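This report concerns only the one structure given below.
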Amino acid sequence: MAGSPTTYAADTEWAGFVENATYVRDGVGLSKFRNTGQAEFSKSIESESWDNIVVNGTLRATYDGVYDLNDDEFGKDATQPYLGSNWHGQDLSTALLTAGTPFPCENNPTLCNNLDGYMDQDEDEAKFPEFNDELDFIRELYISADRQLDSGTIFNVTLGKQQVVWGKTDLFRVLDVINPVDYSRHNIYDELEDIRIPQWMVTAEWRMGPTKVFDDSNFSLVWNFDKFRPSNLGTCGQSYRILDAGCFFTSSTLGVPIIHDVEEPDWDLGNTQFGAKWEGVYGDVTFSLNALHYRQQLPSLHFRANTAFDPTAPLSPTNAPFLSDGVFDIKFPKINLVGGAIDYYSMDMDAVWRLETVYTQGEELPRDTNGHKETDMLRYVVGFDKNMVIPSLGTGSAFLLSTQLFGEHILDHEADMPNEEDNWIGTLLFKGWYMNNRLSPQIIIAHDVAAEATVVAPSISWTPDNHWMINLGLNVKTGGDQEFPWSATALAGQPGINVTEPLSRFTNGPIGVANQEDEIQLTVRYSF
Amino acid sequence: MMFKKSLFSVAMTGVLAAPAFAATLQDVENSFYPYKNGTPKVEGVSAGMVINQSNVETVKDVLDPAMYQFVKNGDYEIKVGETTSFDLHSSYVEATKAGLGKVKLGDKPGIIEGAHAGRPFPEEPSQDDPRAGEKLAWNYKYGYNWGDSAAISPFYWKYRNMKSGKVERTVKFNFHFLNYTHRTQQEPYPALTPNPSSLFRGIYVQVLEPFDVKNTQLLIHRFEDDLKRDNAYLYLGFQRRVRRLSTGQVTDAFLGSDIMIEDFEGYNGRISDMNWTYKGTKHMLLPMYNHNEMELDADTHKDDEGYQVVAFGGKGGCFPNITWQLRKVYVVESDPVDPNHPISKRQHFIDAQTFTIPRNITYDRKGDMWKSWLIGQAHPDHHLPRNKGTGVAVDDAFSMVDMQANHCTTGQFKGQVDPKLSPASKFTVQNLRASGR
Chain A
1078 MAGSPTTYAA
1088 DTEWAGFVEN
1098 ATYVRDGVGL
1108 SKFRNTGQAE
1118 FSKSIESESW
1128 DNIVVNGTLR
1138 ATYDGVYDLN
1148 DDEFGKDATQ
1158 PYLGSNWHGQ
1168 DLSTALLTAG
1178 TPFPCENNPT
1188 LCNNLDGYMD
1198 QDEDEAKFPE
1208 FNDELDFIRE
1218 LYISADRQLD
1228 SGTIFNVTLG
1238 KQQVVWGKTD
1248 LFRVLDVINP
1258 VDYSRHNIYD
1268 ELEDIRIPQW
1278 MVTAEWRMGP
1288 TKVFDDSNFS
1298 LVWNFDKFRP
1308 SNLGTCGQSY
1318 RILDAGCFFT
1328 SSTLGVPIIH
1338 DVEEPDWDLG
1348 NTQFGAKWEG
1358 VYGDVTFSLN
1368 ALHYRQQLPS
1378 LHFRANTAFD
1388 PTAPLSPTNA
1398 PFLSDGVFDI
1408 KFPKINLVGG
1418 AIDYYSMDMD
1428 AVWRLETVYT
1438 QGEELPRDTN
1448 GHKETDMLRY
1458 VVGFDKNMVI
1468 PSLGTGSAFL
1478 LSTQLFGEHI
1488 LDHEADMPNE
1498 EDNWIGTLLF
1508 KGWYMNNRLS
1518 PQIIIAHDVA
1528 AEATVVAPSI
1538 SWTPDNHWMI
1548 NLGLNVKTGG
1558 DQEFPWSATA
1568 LAGQPGINVT
1578 EPLSRFTNGP
1588 IGVANQEDEI
1598 QLTVRYSF
Chain B
8 MMFKKSLFSV
18 AMTGVLAAPA
28 FAATLQDVEN
38 SFYPYKNGTP
48 KVEGVSAGMV
58 INQSNVETVK
68 DVLDPAMYQF
78 VKNGDYEIKV
88 GETTSFDLHS
98 SYVEATKAGL
108 GKVKLGDKPG
118 IIEGAHAGRP
128 FPEEPSQDDP
138 RAGEKLAWNY
148 KYGYNWGDSA
158 AISPFYWKYR
168 NMKSGKVERT
178 VKFNFHFLNY
188 THRTQQEPYP
198 ALTPNPSSLF
208 RGIYVQVLEP
218 FDVKNTQLLI
228 HRFEDDLKRD
238 NAYLYLGFQR
248 RVRRLSTGQV
258 TDAFLGSDIM
268 IEDFEGYNGR
278 ISDMNWTYKG
288 TKHMLLPMYN
298 HNEMELDADT
308 HKDDEGYQVV
318 AFGGKGGCFP
328 NITWQLRKVY
338 VVESDPVDPN
348 HPISKRQHFI
358 DAQTFTIPRN
368 ITYDRKGDMW
378 KSWLIGQAHP
388 DHHLPRNKGT
398 GVAVDDAFSM
408 VDMQANHCTT
418 GQFKGQVDPK
428 LSPASKFTVQ
438 NLRASGR
């Protein structure tokens, strides 16, 4: 073995936590009794040919006891009186659609088969979400290594199951779209760190450092070679299901299942996803330019028209505008994205401005006719962050004021799209620290303009020592009142009337659709 | 009459801003080797003695007002050691000689011309010089400090209740420092290139423990232009992204400690943010010592090379168990330009040989004593073997006592003057992302 690189491993560092999150929902009772154990390890490996070789891993196991402790409301037997009863009243649309089927794979083999592996968890998989075929208890496992180049710059390769984060935006995903997201854990409200679904990827970075022009410059490539996984919106019967999509997908009309098939792309080289980023620092500005070829992580519903439909004949499963074995197929189209982000420190204002924007081609948005339409999209976020010492509030620690305006523009908008051509969501975070930063109150407010929906989430966190953390919060929402005309009402002789299902879920958005999910939330964590 | 006086002041400022009192090589010699002809002697103060409640009145003149108060209250006892010379690296002395007569203050505080490396104003300060305090502040800013680069790895901060002695929280860091300019010893010097934004200094901080703040990283870029605010970047582990920080809030209690960002190393703001006043030169006791001869704390840190950090004791465990020595000290006061600043002034007790600031007292807006800053300086030849001969007065133990809240934050260091630990690549925004994964 003479001449071979010498390699030896240093000690492995371990850290982690155990945590209980107990949430109680107004009028419903227990909505979460999540018990999580997470362990993170890092192991450095010395080598003569590469530097900073590190193996990182994150293991997570969760048991959510809500399905055992509140099985009237959540779980395989938690039926609903009508579709959307958890966020709106009854109308003609709820007469035309059946209630969703909780955990369809435990109640309806046909629906289970139609969903074909997408959002078709059984109750045990909701209780123990990491223990599935994708081995999600291995949240991350990757190796990273640097190589010093003759030019004095650094080349880095990172390979493994990982999260790759782009962008500068809180709460929203504009550039941060490489990993899909598990919204079933707690809608949009958990840290993205905890709900991104890690993917098997390789990244290659060329860290150029300072140049004659830039104070820092870095070019990176990312290749997501994992089998495509869409975002998890929450199966019907779970306590968090964004847009209530999970129940709509397990509904039926005229006895015909809403979903006929889910066309998740197989693993194939052509189905892998890849992107590039150049980022740097120029004076008081930091910037990035990004490009990504990926797949839409939210489902696109493709209508299955029945060309033999006879509107003059009586409606039946076999004589309906749609095929008798299912109304829609779910697809996940390919998208090309270009975008970028900059932030700038204004010395005069002593504040930071952030701008992040993307332009996409290939996205499919819901519409009444045909279920979807492909359209180019423009999204942007303008952020403003300021740290302020406010002596009158009784602490020497600076408060953080962070506001954002998230905008979305649909370039090929149609009148039968439930999403507005332009819409905005504003957010505000105000966070303070007391008692040597061990007591931290904060409030988050978000308002969706088109949905006329608002969420207010005040919380207070207490860290008595290096191990314990207790967080008590409220999450209160308003909205969910928007309606949208559904052409199917014409079949009942009432064309053009405003109804709730199925399209207004998009108008009301994730805040409005969760309008009856006001909660008090207690989290206790012990870190080691 | 008032108008005439103002005109006179302006004229004098202009005259004094130029190198009217051109320093000489003898000034350089006196500045860097003040104990060449003997160590300070003060009646009643001798090496080996312990200053406590019983004898503090007899040595009151060699203590700053806060330490006098602590000893008088029985909060702390001061052990006196021999005065030793902390010779800075010869390259810094030579750079000072090379810059003689080339440095002058600008028209207003915060502007300096001709200062490329070394001590800008090696001459003795004069009470007759209205800008003497500002010159001493520049000597501190461009001091040899940690040398051209260094690391504190690891660095333990303990948040303590001074009444009960309870350690409420322990945060373990790595700190790294790098001078982009004013370099004298580590290659390349005098400056790193390329440096398109004319950075003067980089500070990189990484939190190792506890878990809730693990992987938090802070990068500060300080510019050559003192009038420009720092650029600062924060990486939060749970967000996995770099946030820009507004840096004007230098009175923020850093990570909830008793230390304002502005307090770091004795003073960590812009020269132009303060009015500087030279109050005099005297012999005083300062916390400067040989690390290897002090009481050490193996419970907090002990590693494979046998290094241990300095132990703490006194009331609430807020004071390092170290020795103090008589030193030549410049007393300087700084009061904030901003009328809304939460303090009225700081008293800085600057060690004349090293231009470190081992003692500070901060006064609140009412003028009452508020905080007491202590940073123990260890001689590099009696510390880690690799620090020997570096000429760096090694920051080795700090204490910030909030005298009004009866609370303190203490720091225990493993200071390492080793350029391999602080390469320029560590002080980039990209490094935050790469290290925080």
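Chains A and B, in that order, are what the protein sequence lines are.
For the first sequence, this note's numbering puts the final residue at 1605, and the numbers step up evenly by one.
For the second sequence, this note's numbering puts the final residue at 444, and the numbers step up evenly by one.
Even for Gly, the Cβ is constructed at its ideal location relative to N, Cα and C.
Please read all numbers here as calculations on a predicted model, not as lab measurements.
Determine the extent of the alpha helix (DSSP H) in which residue i is found, giving its start and end residues.
i	result
Ile266 of chain B	Note, Ile266 of chain B: premise wrong, no alpha helix (DSSP H); not H, not E.
Val78 of chain B	Pro72 to Asn80
Arg440 of chain B	Val436 to Gly443
Gly1589 of chain A	Ser1581 to Gly1589
Phe1325 of chain A	Ala1322 to Phe1326
Pro1181 of chain A	Pro1181 to Asn1184
Trp331 of chain B	From DSSP, Trp331 of chain B is part of no alpha helix (DSSP H) but of the beta strand (DSSP E) over Thr330 to Pro343.
Lys1450 of chain A	Taken as a continuous stretch (DSSP letters only), Lys1450 of chain A belongs to no alpha helix (DSSP H), being part of the beta strand (DSSP E) at His1449 to Met1465.
Closer than 8 Å by beta-carbon distance: list the chain B residues that pair up with residue i, in chain order.
i	result
Phe1291 of chain A	Pro203
Does residue i get closer than 8 Å to chain B when you measure Cβ to Cβ?
i	result
Pro1287 of chain A	yes
Ala1390 of chain A	no
Phe1094 of chain A	yes
Lys1245 of chain A	yes
Gly1403 of chain A	no
Thr1600 of chain A	no
Asp1542 of chain A	yes
Ser1604 of chain A	yes
Trp1127 of chain A	no
Residues of chain B with a CB under 7 Å from the CB of residue i: which are they?
i	result
Asn1514 of chain A	Leu262 and Gly263
Met1546 of chain A	Asp219
Val1242 of chain A	Arg247 and Arg248
Glu1270 of chain A	Phe245, Gln246 and Arg247
Assuming residue i contacts residue j under a Cβ cut-off of 8 Å, what Cβ separation, rounded to an integer in Å, is found between them?
i	j	result
His189 of chain B	Tyr147 of chain B	At roughly 13 Å, the Cβ-Cβ gap does not stay under 8 Å, so His189 of chain B and Tyr147 of chain B are not in contact.
Leu226 of chain B	Tyr240 of chain B	4 Å
Residue i CB to nearest chain A CB: under 8 Å?
i	result
Glu175 of chain B	yes
Val436 of chain B	yes
Lys352 of chain B	no
Arg277 of chain B	no
Lys235 of chain B	yes
Tyr196 of chain B	no
Ala27 of chain B	Legend: pLDDT at Ala27 of chain B = 47, less than 50; position of this residue unreliable, value from coordinates given subsequently. Closer than 8 Å: no.
Got a sec, what are the start and stop residues for the beta strand (DSSP E) residue i sits in?
i	result
Val401 of chain B	Val401 to Asp409
Trp1545 of chain A	Trp1545 to Thr1555
Gly287 of chain B	Met281 to Leu293
Ala1428 of chain A	Ala1428 to Pro1443
Gln33 of chain B	Looking at the DSSP string, Gln33 of chain B is not in any beta strand (DSSP E); the run it does join, the alpha helix (DSSP H), is Leu32 to Phe39.
Leu1248 of chain A	No beta strand (DSSP E) contains Leu1248 of chain A, which DSSP labels as neither H nor E.
Glu216 of chain B	Leu206 to Glu216
Grab me the residues of residue i's own chain with a C-beta within less than 6 Å of its C-beta, minus the 5 sequence neighbours each way, in chain order.
i	result
Asp1141 of chain A	Arg1111 and Lys1204
Val1251 of chain A	Gly1244, Glu1433, Val1435, Arg1456 and Val1458
Val1362 of chain A	Ile1419 and Tyr1421
Gln360 of chain B	Pro41 and Phe93
So which residues on chain A does residue i lean against when the C-beta distance must stay under 7 Å?
i	result
Ala255 of chain B	For the record, residue 255 of chain B in the displayed sequence is Gly; it is not Ala. Neighbours of Gly255 of chain B on chain A, chain order: Asp1427.
Asp259 of chain B	Asn1464, Val1466, Ser1474 and Ala1475
Asn238 of chain B	Asp1361 and Tyr1422
Tyr166 of chain B	Asn1513
Name the chain A residues that come within less than 9 Å of residue i, Cβ to Cβ?
i	result
Leu252 of chain B	Tyr1422, Val1429, Asp1462 and Asn1464
Pro349 of chain B	Val1466, Pro1468 and Gly1473
Run down chain A in chain order and give the residues with a C-beta less than 8 Å from the C-beta of residue i.
i	result
Tyr314 of chain B	Under the 8 Å cutoff, chain A gives no residues; its nearest Cβ is about 17 Å from Tyr314 of chain B.
Ser432 of chain B	Ile1231, Arg1284 and Gly1286
Please list the partners that residue i has in chain B, where partner means a Cβ-to-Cβ separation under 9 Å.
i	result
Asn1264 of chain A	Ordered by position in chain B, no residue passes the 9 Å Cβ test against Asn1264 of chain A, which lies about 18 Å from the chain.
Trp1501 of chain A	None at all; the shortest Cβ gap to chain B is about 22 Å.
Here's a check: name, in chain order, each residue in its chain whose Cβ is nearer than 7 Å to the Cβ of residue i, leaving out the five neighbours to either side.
i	result
Gly244 of chain B	Lys221, Asn222, Thr223 and Gly443
Looking only at its chain, what residues have a beta carbon closer than 8 Å to the beta carbon of residue i, apart from the 5 residues adjacent to it on each side?
i	result
His1337 of chain A	Asn1191, Arg1381, Leu1400, Asp1402, Gly1403, Val1404, Phe1405 and Asp1406
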